[in-house]
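So the mapping is simple: the working numbering equals the position in the sequence shown, first residue as 1, plus 59.
Each residue gets a CB set at the ideal place from its N, CA and C atoms; glycine is no exception.
This one's a predicted model, so the numbers in the text were calculated from it and none came from an experiment.
Single-structure report; data block below.
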Amino acid sequence: MSSRDREYMTLALRLAAKGRGSTSPNPMVGALVVTRGRIVGQGSHRKAGGPHAEVIALSQAGSRAKGGTLYVTLEPCSHLKKRTPPCVPLVIASGVRRVVVAMVDPNPQVKGNGVAQLTRAGIRVDVGCCEAEARQLNEAYLHWVQTGRPFTILKAGMTLDGQIATAKGESQWITDEAARQQAHRLRADVDAILVGIGTVLRDNPQLTARLTDDPARLAPRQPLRIVVDSRLRIPLKAKVLQDQQTAHTLIATTAAASGRKIALLRKRGIDVLVLPKAGGHV
């Protein structure tokens, strides 16, 4: 593949990144249609259940897609029984003569089938352009698809000598504003954020994503707030229990919790999950 292919795929990856924090459980995908050296269509997947990047790009290109090249950051989908139609038939019908794919989708429902169908239709398919960058962009999706387990990020603010709090247990603020904004970007990117009851009792955090340095994401999708609280010690005035319409909260507890408090929390719209104890803890 040529340097020009890499340039176009890099642009497609930038488009894909616009869906950061909003496409889960789907991957972030970007697409470009190039005909005779001109970009005639572009798109990015923004929300699960919403139109795919290829659909948007080809729709924008219209008849100008004929004879052109489609650049897409992930193998076009080919399977049925999902919220949106498969993209491969649309790609074939568009008349593009070539498709450049950053990487094959490891999802067992796709996994090379899209590439195979396009090839059988007489379309030249090149795979592997900017693959490392595409894998990095969708590392959470790839981990989930390949292992069936959630991609987990550990965030900790530490002093230079490796401490996460002072001798008195105080931890606000070890980090500076730039680091706190980075933490908020991480919150805006994930599906859920989990803390123990100790953090809630000590810091009383909101656990919401509040981005003040990114105008494009001033109102990000809020992650599910999960609190592990074996004896349900959480104060009813805790910030994490407020504004359930904006950011939902789930508390994981055990049978040691007060049934009356469980009922009260559920009445307020908070999910309480009662789990078996293991050594007295969740």
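Three-state secondary structure assigned by DSSP to residue i
i: Leu117; result: helix
i: Gly108; result: coil
i: Gly255; result: strand
i: Thr308; result: strand
i: Val287; result: strand
i: Asp250; result: coil
i: Arg292; result: coil
i: Val169; result: coil
i: Met68; result: helix
i: Thr211; result: coil
Residue i vs residue j beta-carbon contact at 9 Å
i: Thr313; j: Arg290; result: yes
i: Arg280; j: Gly109; result: no
i: Val160; j: Cys136; result: no
i: Ala199; j: Val249; result: yes
i: Gly126; j: Ala116; result: no
i: Gly105; j: Thr132; result: Residue identity differs from the one stated: residue 105 is Arg in this sequence, not Gly. No, the pair does not count as a contact, with Cβ atoms beyond the cut-off.
i: Ala90; j: Glu66; result: no
i: Leu295; j: Leu334; result: no
i: Arg157; j: Thr128; result: yes
i: Val259; j: Ala297; result: yes
i: Pro165; j: Leu201; result: yes
i: Val169; j: Thr178; result: no
i: Ala107; j: Val155; result: no
i: Gly216; j: Ala238; result: yes
i: Ala120; j: Thr94; result: yes
i: Tyr130; j: Leu70; result: yes
i: Gly102; j: Ser122; result: no
Residues bridged to residue i (per DSSP)
i: Asp185; result: Val159
i: Leu334; result: Thr313
i: Ala90; result: Gly102 and Val131
i: Ile151; result: Bridge partners of Ile151: none, in fact.
i: His138; result: Answer is none; His138 lacks a bridge partner.
i: Ile321; result: DSSP, once it has assigned bridges, lists no residue as partnering Ile321.
i: Arg95; result: DSSP lists no partner for Arg95.
i: His340; result: Ala337
Rounded distance between the beta-carbons of residue j and residue i, thought under 8 Å
i: Met87; j: Gly78; result: 4 Å
i: Ile310; j: Val286; result: 5 Å
i: Val150; j: Val163; result: No, Val150 and Val163 are not in contact; Cβ-Cβ is about 15 Å, not under 8 Å.
i: Glu192; j: Leu72; result: 6 Å
i: Arg319; j: Gln303; result: That pair is no contact at about 20 Å.
Residue closest to residue i, alpha-carbon to alpha-carbon, out of the options
i: Ile212; options: Arg183, Arg246 and Glu190; result: Arg246
i: Gly255; options: Arg269, Arg284, Ala237 and His243; result: Arg284
i: Gln240; options: Leu266, Arg157, Gly221 and Gln222; result: Leu266
i: Asn197; options: Asp302, Ala75 and Arg97; result: Ala75
i: Pro209; options: Arg63, Pro84 and Ser62; result: Pro84
i: Asn26; options: Cys146, Gly154 and Val155; result: Only positions 60 to 341 of the chain appear in the structure, and residue 26 is not among them; the question remains open.
i: Gln205; options: Arg269, Gln301 and Arg194; result: Arg194
i: Leu270; options: Gln301, Glu236 and Gln303; result: Glu236
i: Leu300; options: Ser122, Asp330, Gly318 and Gly181; result: Asp330
i: Thr308; options: Gly318, Asp262, Gly257 and Ile252; result: Ile252
i: Gln64; options: Ala180, Ser103 and Val186; result: It should be pointed out that residue 64 corresponds to Asp in this sequence rather than to Gln. Nearest C-alpha to Asp64: Val186.
i: Ala337; options: Asp302, Ser103, Asp288 and Lys326; result: Asp288
i: Ala315; options: Lys326, Arg261 and Gly339; result: Gly339
i: Arg244; options: His138, Lys214, Val92 and Met60; result: Lys214
i: Pro167; options: Pro282, Glu134 and Ser153; result: Glu134
Residue i at chain B interface by Cβ criterion, 9 Å
i: Gln119; result: The structure shown contains no chain B; it is built from a single protein chain.
Heavy atom of the ligand ADP within 8 Å of residue i beta-carbon
i: Arg246; result: Inclusion of the ligand ADP in the displayed structure is not the case, the ligand content being empty and no account of it being possible.
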